[in-house]
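Take the sequence shown: its position 233, counted from the start at 1, is 235 in our numbering, and no numbers get skipped.
Ideal placement from N, C-alpha and C gives every residue a C-beta, glycine not left out.
One structure is given here, and the rest of the page talks about it.
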Amino acid sequence: MRLPAGERLLSTDALVVGHEGAAILPPLTMTIAAGELWAILGPNGSGKSTFVRTALGLVSPVGGKVEARPGLRLAYVPQQSSLDAIFPISVFDFVLMGLQGPGNVTLLGGRGLGARAAAALDEAGARALARRQLRDLSGGQRQRVLIARALATDADLVFLDEPTTALDAAAEHEVLQLIETLRAKRGAAVVMVTHLVEDGLERADRALLLDRDHGVARAATAAEVRALPEFARVYGRFVARSEATP
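Shown next, in the form of structure tokens:
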């Protein structure tokens, strides 16, 4: 069921993320609401992946807390480089596996799940790839399949880790359009770690700027983040380009 726009899905209260009990970023308080698109920005090694893993509950926080709406359905789309390129599996079965509960393999082929997987592939424009092996796909095709897997779960909140990495311009555009489908058509909130700073800020409602080296963890509207002195320090060339535009 589509959630009302603006409904709180997940929030952090003085959340401190880190490794083995050691903080890498200052406390962060933020709220992600239904229908929002968030861009997570920051240089390499700034703590973006650690934040995402903590928000997903895969890593325990060093301090503070993460609170999720009861019954919240989460989906995570990792970087395609994290996929096992050798493991033989068809695209259809890969999407279907995304509908299984932890350790539950008996649902594979369960009534109705196949239809959901097929519909998600259709929505992602990847129906023609269903019988192909995942390892044989191009980068853009794999990313479509990863997003189809998230679509199949009918998630309320989707985290994507660098969804356009190593894609050509045409594939980047297609993937970004699919992300808009998740948000606009499904009403899901989307949190996207991205290296496309300009495009990310133009599309996003809100942004999170992280910079481990300088102790920065700031969440605000995309326009407010662009105006931060911390943003200028990391992405000065984009600030200069924006100021030069009439």
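{"Query": "Sheet register partners of Lys67 (DSSP bridge)", "Result": "Asp15"}
{"Query": "Cβ-based burial, Leu60 [other Cβ within 10 Å; buried from 16]", "Result": "exposed"}
{"Query": "Inside the segment 166-195 only - beta strand (DSSP E) runs reaching at least 3 residues", "Result": "191-195"}
{"Query": "Ala150 to Ala229 span [Cα, whole Å]", "Result": "35 Å"}
{"Query": "For Phe161, the three-state DSSP class (helix, strand or coil)", "Result": "strand"}
{"Query": "One or two residues paired with Met32 in a DSSP bridge", "Result": "Thr14"}
{"Query": "Touch test, the segment 48-63 against the segment 139-147, Cβ-Cβ under 8 Å, three pairs minimum", "Result": "no"}
{"Query": "Cross-strand partners of Gln135 (DSSP beta bridge)", "Result": "Ser92"}
{"Query": "Among Val192, His197 and Ala209, nearest to Tyr78 - alpha-carbon criterion", "Result": "Val192"}
{"Query": "Val236, DSSP secondary structure in three states", "Result": "helix"}
{"Query": "Meets three-Cβ-pair contact criterion under 8 Å: the segment 43-54 and the segment 214-227", "Result": "yes"}
{"Query": "Alpha-carbon to alpha-carbon, Ile181 and Ala206", "Result": "11 Å"}
{"Query": "Thr31 versus Val97: straight-line alpha-carbon distance, rounded", "Result": "34 Å"}
{"Query": "Distance, Ala168 Cα to Ala70 Cα", "Result": "32 Å"}
{"Query": "Neighbourhood of Thr155 by C-beta, 7 Å cutoff - its chain only, sequence neighbours within 5 removed", "Result": "Arg75, Ala77, Gly100 and Leu101"}
{"Query": "Reduced DSSP category for Ile26 - H, G, I as helix; E, B as strand; rest coil", "Result": "coil"}
{"Query": "Assigned exposure category for Val107 - 16 Cβ within 10 Å defines buried", "Result": "Interpretation of Val107 is limited by its pLDDT of 37, a score under 50 that renders its predicted location unreliable; the figure taken from the coordinates is listed afterwards. Looking at its Cβ environment, which holds fewer than 16 other Cβ atoms inside 10 Å, Val107 is exposed."}
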